[in-house]
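This report refers to the structure that appears directly beneath it.
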Amino acid sequence: MPQASSGKGLYLGGICVLMDCGDRARPPFDSIIDLIGSGIKWVQLRDKESSRLAIYKAARLLKTLTQANNITLIINDYVDIAAAVDADGVHLGQDDLPIHEARKILGNSKIIGISTHDIGQAIKAQQDGADYIGFGPIYKTLTKKAGTPKGPDSIKELRRHIHIPITAIGGIQQEHAAGLIDCGANAVAVASAIMDEDDISKAADAFVTELTRVKQ
Numbered sequence: 036m037p038q039a040s041s042g043k044g045l046y047l048g049g050i051c052v053l054m055d056c057g058d059r060a061r062p063p064f065d066s067i068i069d070l071i072g073s074g075i076k077w078v079q080l081r082d083k084e085s086s087r088l089a090i091y092k093a094a095r096l097l098k099t100l101t102q103a104n105n106i107t108l109i110i111n112d113y114v115d116i117a118a119a120v121d122a123d124g125v126h127l128g129q130d131d132l133p134i135h136e137a138r139k140i141l142g143n144s145k146i147i148g149i150s151t152h153d154i155g156q157a158i159k160a161q162q163d164g165a166d167y168i169g170f171g172p173i174y175k176t177l178t179k180k181a182g183t184p185k186g187p188d189s190i191k192e193l194r195r196h197i198h199i200p201i202t203a204i205g206g207i208q209q210e211h212a213a214g215l216i217d218c219g220a221n222a223v224a225v226a227s228a229i230m231d232e233d234d235i236s237k238a239a240d241a242f243v244t245e246l247t248r249v250k251q
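Numbering-wise (the numbering used here), the sequence shown opens with residue 36 and increments by one.
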């Protein structure tokens, strides 16, 4: 398995918390404060509901807090916002700006990830210069519509073709995390199983503890 790193000194392993702040009551400030200290080293701001200005303001705040706590910050979809707040990178969907155009804006020092839903898309993303891919949905999820669940064995097959970091995504619960890493994923992306809990810090810590226990 490749190192859980972008090759740019930024961490892309373990647990990536998807901060779906637009459709949740808890604001980004409260969420990141709860996540700091839980062992989470990678967060992605994913907001499909708020205005671009509101997302920019949230991202600017998150940049300050994540930078101070050595946490990788990725902005979903919006290359311009990622550039404006000097985030660590951007995560693109299949219908977003092409990787090579995003690279022109962000430069070579920033991370660019892309969502993929089959091996063909994953291989193309790797060829186009993605630093990592998101792959899924692995399990059934209500967070976003991305097709039929692929199951954990899909990661094993994908790993035969992909040498850059892979982040498994879609309906992932605490009991799934270690098995997906064993299948070849470098990280698991988690939204509801952490962000919907009353105690975000406790939920995140449980994920981190589970992966740490398995590695020992």
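Using N, Cα and C, we set each Cβ at its ideal position, and we do this for glycine too.
Would you please state the rounded distance, in angstroms, between the beta carbons of residue i and residue j? I believe it to be under 8 Å.
{"i": "Lys199", "j": "Ala220", "result": "Going by the sequence as given, residue 199 is Ile instead of Lys. Actually they do not touch by this definition, with Cβ atoms about 12 Å apart."}
{"i": "Gln209", "j": "Glu245", "result": "6 Å"}
{"i": "Ala228", "j": "Cys51", "result": "Actually they do not touch by this definition, with Cβ atoms about 12 Å apart."}
{"i": "Arg81", "j": "Leu100", "result": "So it is not a contact: roughly 17 Å between Cβ atoms."}
{"i": "Gly155", "j": "Thr202", "result": "Actually they are not in contact, since the Cβ atoms of Gly155 and Thr202 sit about 18 Å apart, beyond 8 Å."}
If you count every other CB in all the chains shown that lies within 10 Å of the CB of residue i, and 16 or more means buried, which is it?
{"i": "Leu88", "result": "exposed"}
{"i": "Leu121", "result": "Sequence check: residue 121 is Asp here, not Leu. Exposed: under 16 other Cβ atoms inside 10 Å."}
{"i": "Gly205", "result": "buried"}
{"i": "Ser86", "result": "exposed"}
{"i": "Leu177", "result": "exposed"}
{"i": "Asp55", "result": "buried"}
{"i": "Thr183", "result": "exposed"}
{"i": "Asp123", "result": "buried"}
{"i": "Gly142", "result": "exposed"}
Shortest alpha-carbon distance to residue i belongs to which of the options?
{"i": "His152", "options": "Gln161, Thr202, Gly171, Leu177", "result": "Gly171"}
{"i": "Gly72", "options": "Asn104, Ala94, Gln162", "result": "Asn104"}
{"i": "Tyr167", "options": "Glu245, Ile149, Gly182, Arg195", "result": "Ile149"}
{"i": "Pro259", "options": "Ile197, Ile68, Asp123, His211", "result": "For the chain, the structure presents residues 36 to 251; residue 259 sits outside this window and is missing."}
{"i": "Gly214", "options": "Ser236, Lys83, Phe242, Ile110", "result": "Phe242"}
{"i": "His126", "options": "Gln102, Ala160, Phe64", "result": "Ala160"}
{"i": "Asn111", "options": "Gln79, Ala93, Ile201", "result": "Gln79"}
{"i": "Gln162", "options": "His196, Lys76, Lys83", "result": "His196"}
{"i": "Phe64", "options": "Leu193, Lys98, Ile75", "result": "Lys98"}
{"i": "Ile106", "options": "Ala118, Ile75, Lys92", "result": "Ile75"}
{"i": "Asp217", "options": "Ala226, Arg194, Tyr91", "result": "Arg194"}
{"i": "Trp77", "options": "Tyr91, Ile109, Asp234", "result": "Ile109"}
Ignore the nearest five residues each way along the sequence and tell me which others in residue i's own chain have a CB closer than 8 Å to its CB.
{"i": "Gly164", "result": "Ile134, His135, Arg138, Ile147"}
{"i": "Asp115", "result": "Ile140"}
{"i": "Ser236", "result": "Asp69, Leu70, Gly72, Ser73"}
{"i": "Glu192", "result": "Ile154"}
By Cβ distance, which residues of its chain are closer than 7 Å to residue i, with the 5 residues on each side in sequence left out?
{"i": "Glu232", "result": "Ala238"}
{"i": "Gly128", "result": "Asp112, Ser150"}
Excluding five sequence neighbours on each side, which residues of the same chain lie with their C-beta closer than 6 Å to the C-beta of residue i?
{"i": "Arg95", "result": "Val120"}
{"i": "Asp131", "result": "Asp112"}
{"i": "Tyr174", "result": "Pro184, Gly205, Gly206"}
{"i": "Ala93", "result": "Pro63"}
{"i": "Ala117", "result": "Ile110, Val125"}
{"i": "Ile158", "result": "His196"}
Checklist entry - Which runs of the beta strand (DSSP E), 3 residues or longer, sit entirely within the stretch 143-190? => result Runs of the beta strand (DSSP E) inside the stretch 143-190: 146-151, 167-170.
*Whole beta strand (DSSP E) elements within the stretch 95-132, 3-residue minimum*: Runs of the beta strand (DSSP E) inside the stretch 95-132: 107-111, 124-127.
- Kindly provide the ranges of any alpha helix (DSSP H) runs that are 4 or more residues long and lie completely inside the stretch 54-90, ordered along the chain. Segments of the alpha helix (DSSP H) lying fully in the stretch 54-90: 63-70.
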